[in-house]
Amino acid sequence: MRQPLIAGNWKMNGSKVVTAELLNGIKVGIGDVRTSEVAVCPPFPYLYLAEEMLSGTAIRYGAQDCSREEDGAFTGQVSATMLRDFGCTYAIIGHSERRLFNAETDAVIARKCQMVAAHGLTPILCVGETLEEREQGRTEEVVARHLGAVLDLPDGLNLLAKGVVAYEPVWAIGTGVTATPEQAQEVHAFLRQRVAEKDTEVAAKLRILYGGSMKPGNALELMAQADIDGGLIGGAALKAADFLAICKAG
Ligand code: PEP
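Residue numbering for the sequence shown follows the numbering used here, starting at 94 and increasing by one per position.
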């Protein structure tokens with residue numbers, strides 16, 4: 094049985110005050126949400142607040158990215174060791190916004206997953222097609238390539254055994270347009286099948302989250318699908334009440 098994971102991706106939002114309020118709102122409200130695992134991913138500068146406020150609670154936290162390098166002369170980057178230092182459990186890797194705005198390639202993303210896992214963190218590997226790719230009937234080809242960048246590594250199965258995958262159709266991110274439960278389930282089942290072709294046990298245990306305008310109103314139906322094991326939540330994770338409502342659906 095896979096425990097659902099609800100992870101908030103706070104992106105580049107907030108301030109010290111706003112982040113502390115949001116962390117507190119989730120911490121106080123989480124009480125009766127115990128079936129899902131819950132995690133939040135604030136911007137790097139606010140990880141210290143997550144460490145201060147969430148340590149000793151069941152709420153996990155993580156980062157939105159991680160350097161592929163160990164340490165050294167890499168201005169502006171943050172290493173996996175540093176994330177561990179702040180008590181992170183997760184690192185989101187290969188989010189479509191990083192693929193787009195930071196020109197991250199599949200090879201870079203695969204390396205980051207290796208780096209994160211080597212330091213005992215859990216990568217949340219994001220995969221997903223653009224609207225154009227979906228309209229061209231290339232959804233499976235694209236998500237297979239994104240997944241394959243990690244799955245086909247010599248240590249790929251091991252990485253996925255330790256990791257989480259998030260299917261995030263780019264056309265659904267921040268647009269208010271959500272994939273239908275059937276559309277999402279179809280891709281989730283396809284992803285799990287790709288892993289099962291290599292190892293059925295790893296596939297059966299792999300948590301595959303859905304991300305893309307998940308809200309309190311659609312979370313239940315999405316998460317009721319056989320292969321949807323939780324959500325990666327953007328906009329709706331910025332309001333404690335909405336995020337908690339999604340957690341309760343999980
Ligand atoms: C995301 O960016 O990971 C995401 C799912 O965003 P939103 O929920 O706002 O679509």
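Glycine included, each C-beta is placed from N, C-alpha and C at the ideal position. These figures come from a predicted structure and were not determined experimentally.
Exposure label - residue i; buried when at least 16 CB within 10 Å
i: G169; result: exposed
i: D245; result: exposed
i: L224; result: exposed
i: S108; result: exposed
i: T112; result: buried
i: V138; result: Per the sequence shown, the amino acid found at residue 138 is Pro instead of Val. P138 is exposed by the Cβ-count criterion.
i: E190; result: buried
i: F336; result: buried
i: G124; result: exposed
i: V280; result: buried
i: V110; result: exposed
i: A329; result: buried
i: L284; result: buried
First and last residue of the uninterrupted alpha helix (DSSP H) at residue i
i: A211; result: 199-211
i: L224; result: 224-228
i: C134; result: Unbroken run through C134 is the beta strand (DSSP E), 130-134; no alpha helix (DSSP H).
i: R300; result: Here R300 belongs to no alpha helix (DSSP H); instead the beta strand (DSSP E) covers 300-304.
i: I119; result: 109-122
i: V235; result: 232-244
i: R192; result: 189-194
i: A259; result: Counting along the chain, A259 falls outside any alpha helix (DSSP H), though it belongs to the beta strand (DSSP E) covering 257-260.
i: A333; result: 333-342
Beta-carbon spacing of residue i, residue j below 8 Å
i: A277; j: V243; result: no
i: H188; j: C159; result: no
i: R177; j: G213; result: yes
i: V129; j: Q157; result: Looking at the sequence shown, residue 129 is not Val but Ser. No, Cβ-Cβ distance for S129 and Q157 is not below 8 Å.
i: Y154; j: L147; result: yes
i: I217; j: I186; result: yes
i: G355; j: I326; result: The shown model of the chain, from 94 to 343, leaves out residue 355, and the question about it has no answer.
i: I339; j: A312; result: yes
i: V209; j: A173; result: yes
i: V257; j: E222; result: no
i: V295; j: L331; result: no
i: E226; j: V235; result: yes
i: E275; j: G304; result: no
i: Q207; j: L240; result: no
i: S306; j: G269; result: yes
i: A333; j: I99; result: no
i: Y183; j: T150; result: no
CA-to-CA distance, residue j to residue i, given in whole angstroms
i: A259; j: I321; result: 9 Å
i: L315; j: V171; result: 34 Å
i: W103; j: L115; result: 10 Å
i: A254; j: L299; result: 7 Å
i: A297; j: N117; result: 35 Å
i: T271; j: G310; result: 11 Å
i: D63; j: D164; result: There is no way to answer for residue 63, as the model of the chain reaches only from 94 to 343.
i: V133; j: C181; result: 10 Å
i: N106; j: P136; result: 7 Å
i: F179; j: E144; result: 6 Å
i: R231; j: Q286; result: 17 Å
i: G288; j: E197; result: One point to set straight first is that residue 288 is Val, not Gly, in the sequence displayed. Their Cα atoms are separated by approximately 23 Å.
Residue interval of the beta strand (DSSP E) (run including residue i)
i: T215; result: 215-220
i: G324; result: 323-326
i: A184; result: 183-186
i: I99; result: 98-102
i: G310; result: That residue, G310, is in no beta strand (DSSP E); its alpha helix (DSSP H) goes 309-316.
i: G155; result: 153-156
Contact test: residue i Cβ vs the ligand SAH heavy atom, cutoff 7 Å
i: M307; result: Absence of the ligand SAH from the depicted structure is noted, with the ligand PEP being the only ligands included.
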